[in-house]
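S.K.: Quick one: this structure, given as structure tokens, is what I'll be asking you about.
Residue numbers (our numbering): 27 to 263.
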């Protein structure tokens with residue numbers, strides 16, 4: 027039916043994570059605490075609470091399902107979260123993973139750290155930072171459909187979610203909602219990799235445009251994204 031794509035499903039088997047007993051970077055060892063559950067070990071300082079460490083473990087298990095991983099958390103003008111990996115350089119990381127990390131950081135911000143900024147880092151086995159992103163979005167979600175939003179309000183994001191539930195029923199589907207003036211930009215994940223593939227579903231996307239314009243009472247531009255987050259087609263009324 028509608029070619030949709032879930033970020034979390036895409037990355038479950040892609041993010042190669044590594045655990046082990048290592049010294050945490052930039053943390054006072056005397057004040058460091060450690061909490062491990064189901065193969066996820068979080069190293070954190072006194073400024074990060076045990077409840078936050080537990081919530082982070084639950085989120086990582088749900089999103090990444092790693093066999094074993096060490097996670098380093100510190101509070102410094104927001105929160106910095108470091109994930110150990112077996113990558114040797116950022117060039118080894120898939121583009122789809124780099125795109126996904128923005129949403130993982132945003133989810134950590136909203137679900138674990140009370141919407142404070144999160145800097146999410148991928149570390150090598152010596153704890154050097156290979157790649158990092160900051161949280162960017164908030165989100166609303168139901169039936170495995172996620173609407174990530176910035177500039178737009180939560181109320182507007184909820185309107186989009188409600189329409190997508192009517193439109194598709196359930197996910198997995200990840201959609202980004204951005205607002206520029208009176209125009210809404212809806213960036214929809216898909217499994218399409220070319221403009222030709224996306225245009226084969228033009229009627230469906232035009233239906234999405236008109237339906238969202240009615241719900242939002244404004245102009246809507248739908249951007250179709252490939253699994254790496256790159257735009258392959260644009261549809262507007």
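We put the CB at the ideal spot given by N, CA and C, even for glycine.
I'd like to confirm the pairing. Which residues does DSSP put opposite residue 171 in its beta bridges?
M.R.: Residue 171 pairs with 168 and 199.
S.K.: Hey, quick one: how far does the beta strand (DSSP E) through residue 237 stretch, first residue to last?
M.R.: Here residue 237 belongs to no beta strand (DSSP E); instead the alpha helix (DSSP H) covers 228-242.
S.K.: Kindly indicate which three-state DSSP category residue 116 falls into: helix, strand or coil?
M.R.: It is helical.
S.K.: Is it true that the stretch 235-246 meets the stretch 180-197, where meeting means three or more beta-carbon pairs spaced less than 8 Å apart?
M.R.: At 8 Å Cβ cutoff, the stretches touch.
S.K.: Is it a yes or a no for the stretch 114-125 touching the stretch 155-172, going by three-plus beta-carbon pairs under 8 Å?
M.R.: As far as the Cβ criterion goes, the stretch 114-125 touches the stretch 155-172, which means the pair count is three or higher.
S.K.: Beta-carbon within less than 8 Å of residue 258's beta-carbon, same chain only, minus the 5 sequence neighbours each way: which residues are those?
M.R.: Excluding residues within five positions, the ones whose Cβ falls inside 8 Å are 216, 218, 219, 220, 221, 223, 224, 250, 251 and 252.
S.K.: If you run the structure through DSSP and keep just helix, strand and coil, what is residue 262?
M.R.: In the structure shown, residue 262 sits in a strand (DSSP, three-state: E or B).
S.K.: If I measure Cβ to Cβ from residue 132 and keep anything under 8 Å in the same chain, skipping five residues before and after, which residues do I get?
M.R.: Same-chain partners within the cutoff: 144, 161, 162, 163, 164, 165 and 174.
S.K.: Can you check whether the C-beta of residue 222 is within less than 7 Å of a C-beta belonging to chain B?
M.R.: No chain B is part of this structure, which consists of one protein chain only.
S.K.: Buried or exposed, going by whether 16 or more other CB atoms sit within 10 Å of the CB of residue 179?
M.R.: Exposed, since its Cβ has fewer than 16 Cβ neighbours within 10 Å.
S.K.: Is it right to say residue 181 is buried, meaning 16 or more other beta carbons lie within 10 angstroms of its own, or is it exposed?
M.R.: Residue 181 is exposed by the Cβ-count criterion.
S.K.: Measure the C-alpha to C-alpha separation of residue 96 and residue 125 and round it to an integer number of angstroms.
M.R.: The alpha-carbon atoms of residue 96 and residue 125 are separated by roughly 22 Å.
S.K.: Tell me, to the nearest whole angstrom, how far the beta carbon of residue 130 is from that of residue 146; I am working on the premise that it is less than 8 Å.
M.R.: That belief holds up - the Cβ atoms of residue 130 and residue 146 are roughly 6 Å apart, short of 8 Å.
S.K.: Taking only the alpha-carbon atoms, compute the straight-line gap between residue 70 and residue 58 and give it to the nearest angstrom.
M.R.: Their backbone Cα atoms lie some 6 Å apart in a straight line.
S.K.: Could you give the residue range of the beta strand (DSSP E) that holds residue 214?
M.R.: Looking at the DSSP string, the run of the beta strand (DSSP E) that includes residue 214 is 209-215.
S.K.: Of the choices 152, 206 and 167, whose alpha-carbon is the least far from that of residue 177?
M.R.: Checked all of 152, 206 and 167; the closest Cα to residue 177 is 206.
S.K.: Does residue 67 pass the burial test, meaning 16 or more other C-beta atoms within 10 Å, or should it be called exposed?
M.R.: Its Cβ being crowded by 16 or more others within 10 Å, residue 67 is buried.
S.K.: Indicate the three-state DSSP secondary structure (helix, strand or coil) for residue 135 in the structure shown.
M.R.: Here residue 135 sits in helix by DSSP.
S.K.: Could you tell me the distance, in whole angstroms, from the CA atom of residue 209 to the CA atom of residue 187?
M.R.: Computed Cα separation, rounded: 17 Å.
S.K.: Alpha carbon to alpha carbon, how far is residue 246 from residue 228? Give it in angstroms, no decimals.
M.R.: Going by the C-alpha atoms only, they are around 15 Å apart.
S.K.: Buried or exposed, going by whether 16 or more other CB atoms sit within 10 Å of the CB of residue 83?
M.R.: When all chains shown are included, residue 83 counts as buried.
S.K.: Output the boundary residues of the alpha helix (DSSP H) element that contains residue 186.
M.R.: Residues 180-194.
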